[in-house]
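Numbering (our numbering), first residue to last: 672 to 1062. In this text, a Cβ means the ideal position worked out from N, Cα and C, and glycines have one as well. The structure displayed is predicted, hence computed values, not measured ones.
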(Lines of atoms letter the chains of each structure in order from A and count residues from 1; the text may use other names and numbers.)
(Lines give C-alpha, C1' and ligand atoms only; values in the text may rest on other atoms or scores of the structure.)
Protein backbone atom coordinates (compact mmCIF):
# COMPACT_ATOMS: atom_id res chain seq x y z
CA UNK A 1 0.00 0.00 0.00
CA UNK A 2 1.29 3.46 -0.88
CA UNK A 3 2.28 5.82 1.93
CA UNK A 4 0.17 8.94 2.56
CA UNK A 5 2.88 11.13 1.06
CA UNK A 6 3.05 8.99 -2.09
CA UNK A 7 -0.73 9.18 -2.43
CA UNK A 8 -0.59 12.95 -2.07
CA UNK A 9 2.27 13.41 -4.54
CA UNK A 10 0.37 11.53 -7.23
CA UNK A 11 -2.63 13.81 -6.75
CA UNK A 12 -0.43 16.91 -6.73
CA UNK A 13 1.10 15.82 -10.04
CA UNK A 14 -2.39 15.72 -11.54
CA UNK A 15 -3.31 19.09 -10.04
CA UNK A 16 -0.26 20.93 -11.40
CA UNK A 17 -0.67 19.39 -14.85
CA UNK A 18 -4.28 20.58 -14.97
CA UNK A 19 -3.05 24.07 -14.09
CA UNK A 20 -0.53 24.18 -16.90
CA UNK A 21 2.71 23.73 -14.99
CA UNK A 22 5.57 22.53 -17.22
CA UNK A 23 8.48 21.80 -14.89
CA UNK A 24 7.34 22.39 -11.31
CA UNK A 25 9.26 21.65 -8.14
CA UNK A 26 6.90 20.27 -5.51
CA UNK A 27 8.00 20.39 -1.88
CA UNK A 28 5.91 18.38 0.59
CA UNK A 29 6.28 18.35 4.36
CA UNK A 30 4.12 16.82 7.09
CA UNK A 31 2.37 19.04 9.60
CA UNK A 32 0.31 18.40 12.73
CA UNK A 33 -2.51 19.87 14.77
CA UNK A 34 -1.06 18.53 18.02
CA UNK A 35 -3.63 15.86 18.75
CA UNK A 36 -6.69 17.60 17.30
CA UNK A 37 -7.01 15.51 14.13
CA UNK A 38 -7.86 11.78 14.12
CA UNK A 39 -9.00 10.84 10.62
CA UNK A 40 -6.16 12.10 8.43
CA UNK A 41 -2.48 12.91 8.20
CA UNK A 42 -1.76 16.47 7.21
CA UNK A 43 0.72 17.98 4.79
CA UNK A 44 1.82 21.37 3.52
CA UNK A 45 2.96 21.59 -0.09
CA UNK A 46 4.65 24.32 -2.10
CA UNK A 47 4.65 24.25 -5.90
CA UNK A 48 7.46 26.29 -7.45
CA UNK A 49 8.09 27.16 -11.07
CA UNK A 50 10.02 30.00 -12.68
CA UNK A 51 7.93 33.02 -13.65
CA UNK A 52 5.09 31.85 -11.37
CA UNK A 53 4.13 32.81 -7.86
CA UNK A 54 4.59 29.94 -5.40
CA UNK A 55 1.42 27.89 -4.92
CA UNK A 56 0.90 27.14 -1.21
CA UNK A 57 -1.31 24.12 -0.51
CA UNK A 58 -2.68 22.19 2.45
CA UNK A 59 -3.65 18.51 2.18
CA UNK A 60 -5.41 15.86 4.25
CA UNK A 61 -4.85 12.19 3.48
CA UNK A 62 -7.25 9.72 5.11
CA UNK A 63 -5.81 7.14 7.49
CA UNK A 64 -8.87 5.36 8.90
CA UNK A 65 -7.97 1.68 9.04
CA UNK A 66 -9.94 -1.41 8.10
CA UNK A 67 -10.86 -2.21 11.68
CA UNK A 68 -12.51 1.16 12.27
CA UNK A 69 -14.21 1.06 8.86
CA UNK A 70 -15.70 -2.33 9.70
CA UNK A 71 -17.01 -1.03 13.02
CA UNK A 72 -18.95 1.94 11.69
CA UNK A 73 -19.74 3.69 8.38
CA UNK A 74 -16.87 6.04 7.54
CA UNK A 75 -18.52 8.87 5.64
CA UNK A 76 -16.14 11.70 6.63
CA UNK A 77 -14.30 11.81 3.34
CA UNK A 78 -17.37 11.49 1.13
CA UNK A 79 -19.10 14.28 3.03
CA UNK A 80 -16.17 16.67 2.80
CA UNK A 81 -15.72 15.95 -0.89
CA UNK A 82 -19.41 16.73 -1.43
CA UNK A 83 -18.98 19.94 0.56
CA UNK A 84 -16.13 21.30 -1.54
CA UNK A 85 -17.27 19.97 -4.93
CA UNK A 86 -20.95 20.85 -4.60
CA UNK A 87 -22.48 22.38 -1.48
CA UNK A 88 -20.02 25.19 -0.81
CA UNK A 89 -20.02 26.14 -4.49
CA UNK A 90 -23.79 26.64 -4.25
CA UNK A 91 -23.35 28.62 -1.03
CA UNK A 92 -20.92 30.93 -2.83
CA UNK A 93 -23.38 31.34 -5.71
CA UNK A 94 -26.07 32.29 -3.20
CA UNK A 95 -23.78 34.89 -1.63
CA UNK A 96 -23.02 36.29 -5.09
CA UNK A 97 -26.70 36.33 -6.08
CA UNK A 98 -27.59 38.54 -3.13
CA UNK A 99 -24.43 40.67 -3.33
CA UNK A 100 -23.51 39.85 0.25
CA UNK A 101 -20.68 42.23 1.24
CA UNK A 102 -17.28 40.56 1.53
CA UNK A 103 -17.12 41.42 5.23
CA UNK A 104 -20.41 39.57 5.84
CA UNK A 105 -19.69 36.43 3.81
CA UNK A 106 -18.81 32.91 4.79
CA UNK A 107 -15.29 32.60 3.44
CA UNK A 108 -14.70 29.26 1.76
CA UNK A 109 -11.16 27.87 1.35
CA UNK A 110 -10.11 27.41 -2.26
CA UNK A 111 -10.39 23.77 -3.34
CA UNK A 112 -7.76 22.29 -5.68
CA UNK A 113 -8.61 18.61 -5.98
CA UNK A 114 -9.28 15.28 -4.31
CA UNK A 115 -8.81 11.53 -4.51
CA UNK A 116 -11.98 9.57 -3.64
CA UNK A 117 -10.43 6.08 -3.72
CA UNK A 118 -10.88 3.93 -0.62
CA UNK A 119 -7.82 4.08 1.68
CA UNK A 120 -6.45 6.94 -0.44
CA UNK A 121 -9.03 9.62 0.37
CA UNK A 122 -7.30 12.97 -0.05
CA UNK A 123 -8.35 16.59 -0.31
CA UNK A 124 -6.15 19.55 -1.30
CA UNK A 125 -6.99 23.13 -0.34
CA UNK A 126 -5.28 26.49 -0.23
CA UNK A 127 -2.83 26.83 2.66
CA UNK A 128 -4.42 29.41 4.92
CA UNK A 129 -1.47 29.22 7.32
CA UNK A 130 0.65 30.84 4.60
CA UNK A 131 -1.76 33.79 4.81
CA UNK A 132 -1.34 34.17 8.56
CA UNK A 133 -4.21 31.98 9.73
CA UNK A 134 -3.80 29.51 12.57
CA UNK A 135 -5.92 27.21 14.72
CA UNK A 136 -6.81 28.23 18.25
CA UNK A 137 -4.95 26.41 21.01
CA UNK A 138 -7.49 23.72 21.96
CA UNK A 139 -6.09 23.58 25.52
CA UNK A 140 -6.89 27.25 26.14
CA UNK A 141 -10.33 28.71 26.62
CA UNK A 142 -11.68 30.84 23.80
CA UNK A 143 -11.89 34.59 24.45
CA UNK A 144 -14.76 36.91 23.59
CA UNK A 145 -13.39 38.34 20.34
CA UNK A 146 -12.65 34.91 18.92
CA UNK A 147 -15.90 33.39 20.18
CA UNK A 148 -18.05 36.22 18.85
CA UNK A 149 -16.51 35.99 15.38
CA UNK A 150 -16.78 32.21 15.39
CA UNK A 151 -20.50 32.18 16.17
CA UNK A 152 -21.00 34.95 13.61
CA UNK A 153 -19.38 32.65 11.04
CA UNK A 154 -21.52 29.74 12.25
CA UNK A 155 -24.64 31.89 11.86
CA UNK A 156 -23.68 32.64 8.24
CA UNK A 157 -23.19 28.94 7.56
CA UNK A 158 -26.63 28.19 9.02
CA UNK A 159 -28.30 31.02 7.10
CA UNK A 160 -26.85 29.72 3.84
CA UNK A 161 -28.25 26.27 4.62
CA UNK A 162 -31.70 27.79 5.08
CA UNK A 163 -31.52 29.71 1.80
CA UNK A 164 -30.13 26.63 0.04
CA UNK A 165 -33.23 24.75 1.18
CA UNK A 166 -35.47 27.48 -0.23
CA UNK A 167 -33.71 27.75 -3.59
CA UNK A 168 -33.04 24.03 -4.11
CA UNK A 169 -35.93 22.39 -2.21
CA UNK A 170 -35.87 18.92 -3.80
CA UNK A 171 -32.10 18.66 -3.68
CA UNK A 172 -32.12 19.95 -0.11
CA UNK A 173 -34.52 17.24 1.06
CA UNK A 174 -32.37 14.60 -0.60
CA UNK A 175 -29.32 15.99 1.17
CA UNK A 176 -31.06 16.01 4.53
CA UNK A 177 -31.88 12.35 3.96
CA UNK A 178 -28.43 11.32 2.73
CA UNK A 179 -26.71 13.33 5.47
CA UNK A 180 -29.01 12.33 8.30
CA UNK A 181 -27.41 11.46 11.62
CA UNK A 182 -26.00 7.93 11.64
CA UNK A 183 -28.30 6.60 14.33
CA UNK A 184 -27.36 2.91 14.13
CA UNK A 185 -23.63 3.61 14.24
CA UNK A 186 -24.07 6.01 17.15
CA UNK A 187 -26.07 3.51 19.18
CA UNK A 188 -23.59 0.71 18.45
CA UNK A 189 -20.68 2.84 19.61
CA UNK A 190 -22.42 4.31 22.65
CA UNK A 191 -23.60 0.91 23.89
CA UNK A 192 -19.98 -0.03 24.45
CA UNK A 193 -18.78 3.32 25.77
CA UNK A 194 -21.62 5.09 27.56
CA UNK A 195 -21.06 3.72 31.06
CA UNK A 196 -17.29 4.02 30.76
CA UNK A 197 -17.51 7.72 29.87
CA UNK A 198 -19.98 8.40 32.69
CA UNK A 199 -17.61 6.74 35.16
CA UNK A 200 -14.69 8.76 33.82
CA UNK A 201 -16.64 11.95 34.49
CA UNK A 202 -17.82 10.93 37.95
CA UNK A 203 -14.31 9.92 38.98
CA UNK A 204 -13.08 13.50 38.65
CA UNK A 205 -16.23 15.34 39.77
CA UNK A 206 -15.87 17.40 42.93
CA UNK A 207 -17.38 15.72 45.99
CA UNK A 208 -19.86 18.56 46.52
CA UNK A 209 -21.42 17.85 43.12
CA UNK A 210 -20.82 14.13 42.70
CA UNK A 211 -24.18 12.90 44.01
CA UNK A 212 -26.06 15.52 42.00
CA UNK A 213 -24.33 14.48 38.80
CA UNK A 214 -24.73 10.76 39.51
CA UNK A 215 -28.48 11.13 40.08
CA UNK A 216 -28.80 13.07 36.86
CA UNK A 217 -26.76 10.57 34.86
CA UNK A 218 -28.71 7.64 36.30
CA UNK A 219 -31.62 8.89 34.18
CA UNK A 220 -29.50 9.44 31.08
CA UNK A 221 -28.73 6.90 28.38
CA UNK A 222 -27.49 6.86 24.80
CA UNK A 223 -30.98 7.66 23.53
CA UNK A 224 -31.02 10.89 25.55
CA UNK A 225 -28.07 12.21 23.59
CA UNK A 226 -29.38 10.71 20.36
CA UNK A 227 -32.61 12.69 20.73
CA UNK A 228 -30.69 15.96 20.55
CA UNK A 229 -29.05 14.88 17.31
CA UNK A 230 -32.32 13.66 15.82
CA UNK A 231 -34.39 16.68 16.81
CA UNK A 232 -36.51 18.22 14.06
CA UNK A 233 -36.34 21.67 15.65
CA UNK A 234 -35.57 24.01 12.71
CA UNK A 235 -33.63 21.23 10.95
CA UNK A 236 -30.88 22.49 8.63
CA UNK A 237 -27.52 21.26 7.35
CA UNK A 238 -25.35 21.63 10.45
CA UNK A 239 -21.57 21.66 10.55
CA UNK A 240 -21.50 18.74 12.99
CA UNK A 241 -18.06 19.35 14.56
CA UNK A 242 -17.85 23.11 14.97
CA UNK A 243 -15.01 23.58 17.44
CA UNK A 244 -11.84 25.69 17.50
CA UNK A 245 -9.63 22.91 16.12
CA UNK A 246 -11.69 22.90 12.91
CA UNK A 247 -11.51 26.66 12.39
CA UNK A 248 -8.68 28.84 11.13
CA UNK A 249 -8.40 32.41 12.39
CA UNK A 250 -6.17 35.44 12.23
CA UNK A 251 -6.15 38.76 14.04
CA UNK A 252 -5.93 41.78 11.75
CA UNK A 253 -3.97 44.94 12.50
CA UNK A 254 -7.08 46.68 13.80
CA UNK A 255 -7.65 43.85 16.30
CA UNK A 256 -10.62 42.31 14.54
CA UNK A 257 -10.71 38.56 14.01
CA UNK A 258 -11.32 36.57 10.83
CA UNK A 259 -12.58 32.97 11.12
CA UNK A 260 -12.72 30.37 8.35
CA UNK A 261 -14.12 26.85 8.86
CA UNK A 262 -11.86 24.32 7.15
CA UNK A 263 -13.16 20.91 8.16
CA UNK A 264 -16.46 19.85 6.60
CA UNK A 265 -16.31 16.09 7.25
CA UNK A 266 -19.35 15.96 9.53
CA UNK A 267 -22.07 18.00 7.81
CA UNK A 268 -25.48 16.51 8.63
CA UNK A 269 -29.10 17.38 9.13
CA UNK A 270 -29.84 18.70 12.59
CA UNK A 271 -30.80 21.61 14.81
CA UNK A 272 -28.69 24.80 14.80
CA UNK A 273 -28.53 24.79 18.60
CA UNK A 274 -26.53 21.55 18.55
CA UNK A 275 -23.72 23.30 16.64
CA UNK A 276 -23.85 26.33 18.92
CA UNK A 277 -23.83 24.42 22.21
CA UNK A 278 -21.11 22.11 20.94
CA UNK A 279 -18.86 25.05 20.05
CA UNK A 280 -19.34 26.76 23.41
CA UNK A 281 -18.81 23.71 25.61
CA UNK A 282 -15.86 22.25 23.70
CA UNK A 283 -14.04 25.57 23.46
CA UNK A 284 -14.62 27.48 26.69
CA UNK A 285 -13.95 27.22 30.40
CA UNK A 286 -16.22 28.02 33.33
CA UNK A 287 -14.93 31.58 33.72
CA UNK A 288 -15.72 32.40 30.09
CA UNK A 289 -19.22 30.94 30.31
CA UNK A 290 -19.95 32.69 33.60
CA UNK A 291 -19.13 36.04 31.99
CA UNK A 292 -20.25 35.50 28.41
CA UNK A 293 -22.52 32.47 27.89
CA UNK A 294 -25.86 34.24 27.53
CA UNK A 295 -24.32 37.16 25.65
CA UNK A 296 -22.78 34.72 23.17
CA UNK A 297 -26.09 32.91 22.66
CA UNK A 298 -27.81 36.25 22.03
CA UNK A 299 -24.98 37.29 19.70
CA UNK A 300 -25.48 34.14 17.63
CA UNK A 301 -29.17 34.89 17.18
CA UNK A 302 -28.55 38.52 16.21
CA UNK A 303 -25.93 37.43 13.68
CA UNK A 304 -28.24 34.74 12.30
CA UNK A 305 -30.94 37.38 11.79
CA UNK A 306 -28.41 39.65 10.09
CA UNK A 307 -27.21 36.83 7.82
CA UNK A 308 -30.78 35.92 6.89
CA UNK A 309 -31.59 39.53 6.04
CA UNK A 310 -28.49 39.72 3.82
CA UNK A 311 -30.08 36.86 1.84
CA UNK A 312 -33.41 38.75 1.69
CA UNK A 313 -35.09 36.48 4.22
CA UNK A 314 -37.20 37.70 7.13
CA UNK A 315 -35.96 36.19 10.43
CA UNK A 316 -39.45 36.61 11.91
CA UNK A 317 -40.76 34.12 9.37
CA UNK A 318 -37.75 31.80 9.36
CA UNK A 319 -36.81 31.53 13.04
CA UNK A 320 -38.77 33.84 15.38
CA UNK A 321 -37.00 34.90 18.55
CA UNK A 322 -39.51 33.20 20.84
CA UNK A 323 -38.88 29.89 19.05
CA UNK A 324 -35.14 30.38 19.38
CA UNK A 325 -35.47 31.11 23.11
CA UNK A 326 -37.54 27.96 23.54
CA UNK A 327 -34.93 25.93 21.68
CA UNK A 328 -32.14 27.32 23.86
CA UNK A 329 -33.92 25.97 26.94
CA UNK A 330 -34.56 22.63 25.23
CA UNK A 331 -30.96 22.17 24.07
CA UNK A 332 -29.19 23.59 27.11
CA UNK A 333 -28.72 20.14 28.72
CA UNK A 334 -26.85 19.04 25.59
CA UNK A 335 -23.84 21.04 26.75
CA UNK A 336 -23.43 18.81 29.80
CA UNK A 337 -23.48 15.70 27.63
CA UNK A 338 -20.91 17.30 25.32
CA UNK A 339 -18.67 17.77 28.31
CA UNK A 340 -19.00 14.19 29.46
CA UNK A 341 -18.61 12.53 26.08
CA UNK A 342 -16.28 14.89 24.21
CA UNK A 343 -13.94 16.51 26.72
CA UNK A 344 -11.72 13.44 27.24
CA UNK A 345 -10.71 13.72 23.57
CA UNK A 346 -10.91 17.51 23.23
CA UNK A 347 -8.50 18.04 26.14
CA UNK A 348 -6.19 15.07 25.56
CA UNK A 349 -2.44 15.65 25.68
CA UNK A 350 -0.86 15.40 22.22
CA UNK A 351 1.22 12.37 23.19
CA UNK A 352 -1.91 10.46 24.23
CA UNK A 353 -4.18 11.49 21.35
CA UNK A 354 -5.94 8.52 19.70
CA UNK A 355 -6.00 7.86 15.97
CA UNK A 356 -8.25 5.93 13.60
CA UNK A 357 -5.43 4.30 11.67
CA UNK A 358 -4.11 0.73 11.64
CA UNK A 359 -5.62 -1.65 14.15
CA UNK A 360 -7.30 1.04 16.24
CA UNK A 361 -11.05 0.92 16.75
CA UNK A 362 -13.45 3.11 18.69
CA UNK A 363 -12.29 1.67 22.02
CA UNK A 364 -9.05 3.62 21.61
CA UNK A 365 -11.13 6.79 21.96
CA UNK A 366 -13.13 5.57 24.94
CA UNK A 367 -10.00 4.43 26.76
CA UNK A 368 -7.98 7.57 26.06
CA UNK A 369 -5.83 8.72 28.96
CA UNK A 370 -7.35 11.97 30.21
CA UNK A 371 -5.18 15.03 30.71
CA UNK A 372 -4.69 17.20 33.78
CA UNK A 373 -6.93 19.81 32.11
CA UNK A 374 -9.89 17.44 31.86
CA UNK A 375 -11.03 17.60 35.53
CA UNK A 376 -10.93 21.40 35.49
CA UNK A 377 -12.98 21.70 32.32
CA UNK A 378 -15.42 18.96 33.32
CA UNK A 379 -16.02 20.41 36.79
CA UNK A 380 -16.52 23.83 35.26
CA UNK A 381 -19.37 22.45 33.16
CA UNK A 382 -20.88 20.62 36.14
CA UNK A 383 -20.75 23.88 38.12
CA UNK A 384 -22.63 25.61 35.29
CA UNK A 385 -25.44 23.09 35.40
CA UNK A 386 -25.67 23.24 39.17
CA UNK A 387 -25.84 27.04 38.94
CA UNK A 388 -28.56 26.78 36.27
CA UNK A 389 -30.45 24.30 38.48
CA UNK A 390 -30.45 21.60 35.80
CA UNK A 391 -28.71 19.02 37.99
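- Relative to residue 895, the option among 857, 931 and 870 whose CA is nearest is 857.
- Separation of the CB atoms of residue 821 and residue 758 is rounded to 20 Å, and the pair is thereby denied contact status at 8 Å.
- The alpha carbon of residue 960 has as its nearest neighbour, out of 1006, 1041 and 684, the alpha carbon of 1006.
- Membership of residue 930 in the beta strand (DSSP E) is indicated by the continuous run 928 to 932.
- Within the segment 830 to 911, the complete beta strand (DSSP E) runs of at least 3 residues fall at 907 to 909.
- Inter-residue distance for residue 728 and residue 1024 is about 25 Å (C-alpha atoms, whole angstroms).
- Looking at 833, 870 and 755, the one whose alpha-carbon comes closest to that of residue 942 is 833.
- DSSP, reduced to helix, strand and coil, places residue 711 within a strand of the structure shown.
- Within the same chain, and ignoring the five residues on either side of residue 957 in sequence, the residues whose Cβ sits closer than 6 Å to its Cβ are 1051 and 1054.
- Separation of residue 830 and residue 798 (C-alpha to C-alpha, rounded to the nearest whole angstrom) is 26 Å.
- By the criterion of at least three beta-carbon pairs nearer than 8 Å, the segment 977 to 991 is not in contact with the segment 875 to 882.
- Per DSSP, residue 751 is not a residue of any beta strand (DSSP E); the alpha helix (DSSP H) it occupies stretches across 747 to 753.
- In this structure, residue 868 sits away from residue 824, with a CB-CB distance that is not shorter than 9 Å.
- The beta carbons of residue 818 and residue 944 sit no closer together than 9 Å.
- Under DSSP, residue 784 shares a beta bridge with 795.
- Going by beta carbons, residue 748 and residue 686 fall outside the 9 Å limit.
- Taking residue 810 as the centre and dropping the five residues before and after it, the same chain places the C-beta of 1018 and 1044 closer than 7 Å to its C-beta, in chain order.
- Between the segment 980 to 989 and the segment 886 to 900, the count of Cβ pairs shorter than 8 Å is below three; the stretches do not touch.
- Of the other Cβ atoms in all chains shown, 16 or more fall within 10 Å of the Cβ of residue 731; this residue is therefore buried.
- Counting along the chain, the unbroken alpha helix (DSSP H) around residue 954 starts and ends at 943 to 954.
- Around the Cβ of residue 752, a 10 Å sphere holds 16 or more other Cβ atoms; the residue is buried.
- The three-state secondary structure of residue 962, taken from DSSP, is helix.
- Counted as a single uninterrupted DSSP element, the beta strand (DSSP E) harbouring residue 729 occupies residues 726 to 733.
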